[in-house]
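Just below is one structure, and these are the notes that go with it.
Numbering (full-length UniProt numbering), first residue to last: 1 to 167.
See below:
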């Protein structure tokens, strides 16, 4: 009887270890991958949720930053709307890097038209090149062009733009 109890205990312990390992490695499988998913929710101008294999995954767009909607920064709502018009309810291609400290998957995202939406947000003047975390010259050039042409929030005066950088 004691042997049966010990055997059951060992089997249950092994099963629970296997389950916890699966939970820990599941999200890791999406790092440094390219995969298709459906854009189901736009959080703000640089964050969205996608549905991948029945699971919601929060994506933080790499190379860019945008006005915060929650902090009522100027253009926060407009940036969210711009991102929504580029990809909401579409099958998108995710080119992922890694997870950030908030558990979001860092990625470039392509919409059904083949546009890299991270770049499109900068072109529209609804996001800027996030130089703190990106040295990609493509994004730097896109921002320079949007500034020069005064597109999106770059059309506003400097005091409005300065508000977007205040934390």
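Glycine residues also receive a C-beta, built at the ideal position from the N, C-alpha and C atoms.
Item                                                                                                                   : Value
Nonlocal neighbours in the same chain, by C-beta distance under 7 Å from residue 6, ignoring five residues either side : Model confidence at residue 6 stands at a pLDDT of 46, short of 50, so the residue's coordinates are unreliable and nothing is read from them.
DSSP three-state assignment for residue 85, whether helix, strand or coil                                              : helix
Status (buried if at least 16 other CB within 10 Å, exposed otherwise) for residue 89                                  : exposed
Segment contact, 8 Å Cβ cut-off, at least three pairs: the region 96–115 with the region 134–145                       : no
Neighbour-count burial assignment, residue 37, 16 or more Cβ in a 10 Å radius                                          : buried
Residue 77 (DSSP reduced to helix, strand or coil)                                                                     : helix
Supposed close pair residue 87, residue 111 - CB separation, criterion 8 Å                                             : 5 Å
Euclidean distance between Cα positions of residue 148 and residue 54                                                  : 43 Å
Rounded distance between the beta-carbons of residue 44 and residue 65, thought under 8 Å                              : With a Cβ gap of about 10 Å, residue 65 and residue 44 do not count as contacting.
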